[in-house]
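A quick write-up on the structure given underneath.
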Amino acid sequence: MTEGSMSPTDPFSPAVSHLAALDPDWKCLIARVGRCGLKPRPEREPYEALVRAVAYQQLHARAAESILARFLALYPDGSFPLPENLLATDVSLLRACGFSTAKAITLRGIAEGALSGIVPSRDAAEAMTDEELIHRLVTLRGIGRWTVEMFLIHTLGRPDVLPVQDFGVREGWRVLKHLPEQPLPAELSRIGQAWSPYRSVATWYLWQAVELFKRGKVS
Numbered sequence: 154m155t156e157g158s159m160s161p162t163d164p165f166s167p168a169v170s171h172l173a174a175l176d177p178d179w180k181c182l183i184a185r186v187g188r189c190g191l192k193p194r195p196e197r198e199p200y201e202a203l204v205r206a207v208a209y210q211q212l213h214a215r216a217a218e219s220i221l222a223r224f225l226a227l228y229p230d231g232s233f234p235l236p237e238n239l240l241a242t243d244v245s246l247l248r249a250c251g252f253s254t255a256k257a258i259t260l261r262g263i264a265e266g267a268l269s270g271i272v273p274s275r276d277a278a279e280a281m282t283d284e285e286l287i288h289r290l291v292t293l294r295g296i297g298r299w300t301v302e303m304f305l306i307h308t309l310g311r312p313d314v315l316p317v318q319d320f321g322v323r324e325g326w327r328v329l330k331h332l333p334e335q336p337l338p339a340e341l342s343r344i345g346q347a348w349s350p351y352r353s354v355a356t357w358y359l360w361q362a363v364e365l366f367k368r369g370k371v372s
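Positions 154 to 372 (this note's numbering) are the ones given, in order, by the sequence shown.
Structural data, given as structure tokens:
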């Protein structure tokens, strides 16, 4: 049995209504941010999605996008490489794109996993639960729970994922609730039970809370 994905037609209104009804802080945040801007890419193969997610590990989005652009430029027409083509790419070339040695090795491990079947096909991934995918994919070197959670949210469009170790999510909750410090992951997991079954959308809004705070739009 698979866990539900976000509906392609007006997918976020039930989630937004649920969150806005929780308390005035959520209602105010949603009013300031507006419509949820999550745009899952369910047509993307897990292999490609994981490679892209590695580029974003511990980096600002702009830096990751630049690295990915240089990476794609290594291949004909800038198309995403097949696993065997990635394996044929020297680590020095991957490093020249901006990947660390550790990340370059992780990319190769993902490619090997795609060829061996550890990284499932898109159809196979759709048939697996969130926890099944996490349990399977974290066996790959350099792939932790956070990376798989980003895959679940941004690629498969799973609706109830809460990456409690994500700095932005924890900081977003601190900003939303005017706290002196971020919650611990275990505490955020407990708090986030109230956001279920829409924790992916809650995650997105907490990221936006951080951006508003940076721009001085919230105190």
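Ideal Cβ placement from N, Cα and C applies to all residues, glycine included.
By the Cβ-count criterion, Thr356 is buried, with 16 or more other Cβ atoms from all chains shown falling within 10 Å of its own Cβ. Here Arg275 has Glu198 as same chain residues with Cβ atoms under 6 Å from its own Cβ, once five neighbours each way along the sequence are excluded. Ranked by Cα distance from Ala280, the options Leu305, Ala347, Ile263 are led by Leu305.
Going by DSSP, His307 is part of the alpha helix (DSSP H) stretching over 298–307. Shown here, Ile271 sits in coil according to DSSP, grouped into three states, outside any helix or strand. A direct Cα-Cα distance of roughly 5 Å separates Gly295 from Thr259. For Trp348 against Gln318, the beta-carbon gap comes to about 16 Å, at or over 8 Å, which does not count as contact. Sixteen is the threshold: when 16 or more other Cβ atoms of the shown chains lie within 10 Å of the Cβ of Arg323, as they do, the residue is buried. In the structure shown, Lys367 falls within a helical segment according to DSSP collapsed to helix, strand and coil. Here Gln346 is exposed, its C-beta having fewer than 16 other C-beta atoms within 10 Å.
Distance between Pro236 and Gly187, taken at the CA atoms: about 39 Å.
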